[in-house]
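Worksheet: the structure to be examined is printed underneath.
Residue numbers (the numbering used here): 10 to 157.
Structure, rendered in structure tokens:
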């Protein structure tokens, strides 16, 4: 019986260690977030900042947050010099759901950018909230018959 109890204790300790390690990794990988309302306020104030859309070119062209610049997340690590003019500004990063934005933020932080934030909810929540987009292609208006 004591052998079984010993293995249970070892198992509990092992699970505890794994959970502790996961929580440490999660806290190190956490990124500061900016809410949609805060970003809208910053846009209204015409704040000097960089809004960075890291989705694909096609996604960007289908509609993006006002005043955002585009850089595909796959190019971030090789094109950080393109963001040098924004190094001392707040950089607010977004993608469609958050995964690419988080990867881009990690890369930027590793090369010394310190004022990098994640847009809470990314584009999916921006659209869900019905907030305005630039570059969004408008559906063609259907022609109405005219009286002759």
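Just so it is clear, CB atoms sit at the ideal spot from N, CA and C, and this is done for glycine as well.
I think residue i touches residue j, with their Cβ atoms under 8 Å apart; what is that distance to the nearest whole Å?
i: residue 8; j: residue 71; result: Nothing can be reported for residue 8: it is not among the residues displayed for the chain, which extend from 10 to 157.
i: residue 51; j: residue 58; result: 6 Å
i: residue 63; j: residue 81; result: 7 Å
i: residue 116; j: residue 85; result: 5 Å
i: residue 120; j: residue 89; result: 5 Å
Does DSSP put residue i in a helix, a strand or coil?
i: residue 86; result: helix
i: residue 43; result: strand
i: residue 127; result: strand
i: residue 105; result: coil
Checking 9 Å against the spacing of the C-beta atoms, do residue i and residue j come in under that value?
i: residue 45; j: residue 143; result: no
i: residue 73; j: residue 126; result: no
i: residue 97; j: residue 124; result: yes
Taking the straight line between their C-alpha atoms, what separation do you get for residue i and residue j?
i: residue 7; j: residue 111; result: Beyond the ends of the chain as shown, which are 10 and 157, falls residue 7; an answer cannot be given.
i: residue 99; j: residue 136; result: 23 Å
i: residue 60; j: residue 104; result: 11 Å
i: residue 20; j: residue 133; result: 41 Å
Is residue i near the ligand GTP, with its Cβ less than 8 Å from a heavy atom?
i: residue 135; result: With respect to the ligand GTP, the structure offers nothing, as it holds no ligand at all.
State yes or no: is the beta carbon of residue i nearer than 9 Å to at least one beta carbon in chain B?
i: residue 64; result: The chain labelled as chain B is not found in the depicted structure, where only one protein chain is given.
How would you call residue i, buried or exposed, if buried means at least 16 neighbouring beta carbons within 10 angstroms?
i: residue 102; result: buried
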